[in-house]
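All remarks here apply to the structure that follows.
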Amino acid sequence: MTTEAVDAKARIKEFALKRGALVCGVASAESFDGVAPDGHRPWDLLPAARSVVVVGGAPPRAGDWISPLHEHQESMGTSQRIEPVGRQIAYYIEEELGYYALFVPGGVGGGNRPFLSVMLAAELAGLGSRSLAGPILHEKYGMLYYAAVVTTLPLDPDRPLANPVCPAPSCVEMWEREGTTPCINVCPAKAWGCLDGRIENGRFVRTEYKRDLCQTRVYTNWVGGFQKALEATLNEPDKEARKMLLYGSFFTRSLWSITYSGQSQAQCFECIRVCPVGAEYRTKK
Amino acid sequence: MGFFTISPELYRRYKDQILELSNSFQRDINEHLPPAERKRGLSDREIAERLGLEERVVTEIRCVAERDLYGLEEWEKAIEFKKQACREYVETKIIRFLKT
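Right, dumping it as structure tokens:
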């Protein structure tokens with residue numbers, strides 16, 4: 005890797021951290037080959053892509069995590085606070101360094117499919133590892149929100165972590181003692197939850213995650229819930245009963261959410277609430 | 002119909018296969034599994050090639066199926082699940098330690 009590529013990476017990282025990112029890493033575009041499906045690789049978004057810059061940060065505050073009202077944290081959207089850092093990096097790469105840079109939109113391209121998996125990008129950039137619960141976990145901070153920028157700028161790439169953050173040592177101990185982990189215990193696939201897995205010799209040898217079931221919990225009052233409630237309303241022949249559906253708490257909260265009027269898009273934190281990774285960072289007096 | 006859609010018959014025929022091949026059920030996707038064990042969901046293009054369908058048809062069936070998989074009652078269960086899990090965590094792991 006050239007000196008210019010190393011210097012440019014240092015400048016971008018400094019730029020990102022000054023603007024509020026807690027972590028910043030770089031994945032090479034070619035590292036997606038074989039692990040991301042055709043149509044969802046960096047060069048599917050930006051021809052001649054060489055690198056993907058990933059920034060992470062904007063976690064919920066420690067106080068949010070210990071509120072007994074789950075609705076509180078659901079209304080505290082923080083994922084959108086890291087996205088402006090990604091957009092600023094794209095601007096910086098184009099205006100200061102003279103290369104194409106494309107901010108990866110946080111939304112989806114079709115159904116539940118992202119344009120490019122930002123979680124995979126974070127993993128390949130060495131910022132954390134995929135947890136049994138789903139999110140990428142950073143060793144110190146635990147769950148963070150991430151944003152990614154695809155660029156034609158050649159950069160010195162980071163490497164995926166040699167050792168996974170998940171399962172944490174205390175989870176391995178719990179598995180050996182009880183045959184479960186904190187996240188599986190709170191949301192077990194065997195009891196109509198989202199998660200399952202198996203640990204052998206301190207590492208996962210099997211994992212299972214029901215994404216679409218998780219969607220009903222993470223996006224309870226969002227697009228999916230709105231569509232379901234609308235369908236029920238359209239099918240309701242009684243005028244007064246329709247009013248109960250339309251004016252009721254579920255439909256109202258869903259409208260607040262999908263119009264971005266004060267409700268977060270991330271609406272379930274229960275598997276991460278009990279996760280020991282990042283717990284020290286989330287613990288205050 | 003004014004925009005692209007699929008027939009209910011076509012949807013019913015392929016929805017389960019398409020969800021199974023996509024990322025809807027993520028089994029053994031984690032990166033630190035043994036390399037031979039790690040799997041990923043297929044893209045719509047890959048699913049289309051496997052099932053002999055057009056990619057646009059696969060995308061449309063997948064989009065509908067993702068939403069259709071669970072009934073509205075699952076959203077109500079989600080609210081109850083979160084209320085209970087959150088309160089239990091705070092009561093058993095937080096409050097008693099904050100009070101000491």
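So the sequence lines, in the order shown, correspond to chains L and W. Each number in the working numbering corresponds to the 1-based position in the first sequence with 4 added. Each number in the working numbering corresponds to the 1-based position in the second sequence with 1 added. Cβ atoms here follow ideal geometry from the backbone N, Cα and C, with glycine treated the same way. A quick note: this is a predicted structure, and the numbers were derived from the prediction, not measured.
Distance, residue j Cα to residue i Cα
i, j, result
"V65 of chain W", "G115 of chain L", "8 Å"
"A126 of chain L", "V39 of chain L", "13 Å"
"E212 of chain L", "G252 of chain L", "35 Å"
"Y264 of chain L", "E18 of chain L", "31 Å"
"S55 of chain L", "T224 of chain L", "35 Å"
"R88 of chain W", "T256 of chain L", "24 Å"
"R14 of chain W", "L20 of chain W", "12 Å"
"L34 of chain W", "E182 of chain L", "22 Å"
"R215 of chain L", "Q27 of chain W", "7 Å"
"A33 of chain L", "R45 of chain L", "8 Å"
"E8 of chain L", "P158 of chain L", "9 Å"
"D200 of chain L", "I140 of chain L", "17 Å"
"R277 of chain L", "A172 of chain L", "14 Å"
"A63 of chain W", "G138 of chain L", "The sequence as given places Arg at residue 63 of chain W; Ala does not occur at that position. Approximately 21 Å between the Cα atoms of the pair."
"A12 of chain L", "A105 of chain L", "14 Å"
"W47 of chain L", "A129 of chain L", "17 Å"
"E77 of chain W", "V222 of chain L", "12 Å"
"K194 of chain L", "I188 of chain L", "9 Å"
"G110 of chain L", "S83 of chain L", "9 Å"
"W69 of chain L", "R286 of chain L", "8 Å"
"V10 of chain L", "L124 of chain L", "22 Å"
"W196 of chain L", "L217 of chain L", "9 Å"
"E99 of chain L", "G72 of chain W", "49 Å"
"E180 of chain L", "C170 of chain L", "15 Å"
Local conformation of residue i per DSSP, three classes
i, result
"S32 of chain L", "strand"
"Y15 of chain W", "helix"
"R163 of chain L", "coil"
"H142 of chain L", "strand"
"S133 of chain L", "strand"
"P192 of chain L", "strand"
"L101 of chain L", "helix"
"S25 of chain W", "coil"
"L124 of chain L", "helix"
"A40 of chain L", "strand"
"I70 of chain L", "coil"
"S174 of chain L", "helix"
"P1 of chain L", "Outside the modelled stretch of chain L, which goes from 5 to 289, sits residue 1 of chain L, for which no answer is possible."
"Y71 of chain W", "coil"
"P280 of chain L", "coil"
"F19 of chain L", "helix"
"P36 of chain W", "coil"
"S55 of chain L", "strand"
"A14 of chain L", "helix"
"P118 of chain L", "strand"
"L54 of chain W", "coil"
"I203 of chain L", "strand"
"T6 of chain W", "coil"
"A9 of chain L", "helix"
"R91 of chain L", "helix"
"R65 of chain L", "coil"
Within chain W, partners of residue i - CB distance below 7 Å
i, result
"N116 of chain L", "E67"
"R210 of chain L", "D29"
"E274 of chain L", "K83, A86 and C87"
"Q231 of chain L", "R68"
"V190 of chain L", "A86"
beta-carbon residue i near the ligand COA non-hydrogen atom, thresh 7 Å
i, result
"L217 of chain L", "Ligands are entirely absent from the displayed structure, and the ligand COA is therefore not among its contents."
Per-residue contacts from residue i into chain L (C-beta, under 7 Å)
i, result
"V58 of chain W", "By Cβ distance, chain L contributes nothing, its closest Cβ being about 12 Å from V58 of chain W, past 7 Å."
"R51 of chain W", "The premise fails here: R51 of chain W is roughly 12 Å from chain L at the closest Cβ pair, so nothing lies under 7 Å."
"R13 of chain W", "Those within 7 Å of R13 of chain W in chain L number zero; the least Cβ separation is about 17 Å."
"I95 of chain W", "I70"
"I80 of chain W", "T224"
Amino acids of chain W, ordered along the chain, whose beta-carbon sits closer than 8 Å to that of residue i
i, result
"G43 of chain L", "S44, D45 and R46"
"R215 of chain L", "N24, S25, F26 and Q27"
"R277 of chain L", "A86, C87 and Y90"
"T185 of chain L", "Near T185 of chain L there are no residues of chain W at all, since even the closest Cβ is about 13 Å away, more than 8 Å."
"T220 of chain L", "Y71, E75, W76, K78 and A79"
Assumed close pair residue i, residue j - CB separation to whole angstroms, cut-off 8 Å
i, j, result
"C198 of chain L", "T185 of chain L", "Rounded, the Cβ-Cβ distance is 13 Å, inconsistent with contact."
"I30 of chain W", "R39 of chain W", "7 Å"
"V57 of chain L", "I86 of chain L", "At roughly 12 Å, the Cβ-Cβ gap does not stay under 8 Å, so V57 of chain L and I86 of chain L are not in contact."
"Q271 of chain L", "E78 of chain L", "4 Å"
"P164 of chain L", "V30 of chain L", "Rounded, the Cβ-Cβ distance is 12 Å, inconsistent with contact."
"L59 of chain L", "A151 of chain L", "Correcting the residue type first, residue 59 of chain L is Val in the shown sequence and not Leu. Rounded, the Cβ-Cβ distance is 5 Å, consistent with contact."
"V154 of chain L", "A53 of chain L", "5 Å"
"S44 of chain W", "D42 of chain L", "5 Å"
"G61 of chain L", "L26 of chain L", "4 Å"
"S133 of chain L", "P168 of chain L", "4 Å"
"K84 of chain W", "H74 of chain L", "6 Å"
Beta-carbon neighbours of residue i, restricted to chain W and to distances below 9 Å
i, result
"G228 of chain L", "E67, R68, Y71 and W76"
"H142 of chain L", "Under the 9 Å cutoff, chain W gives no residues; its nearest Cβ is about 15 Å from H142 of chain L."
Output the residue ranges of the alpha helix (DSSP H) runs that lie fully inside the region 218-274 of chain L and measure 4 residues or longer, sorted by chain position.
227-239, 243-251 and 253-262
Secondary structure, alpha helix (DSSP H): runs of 4+ residues fully inside the region 73-97 of chain W
73-90
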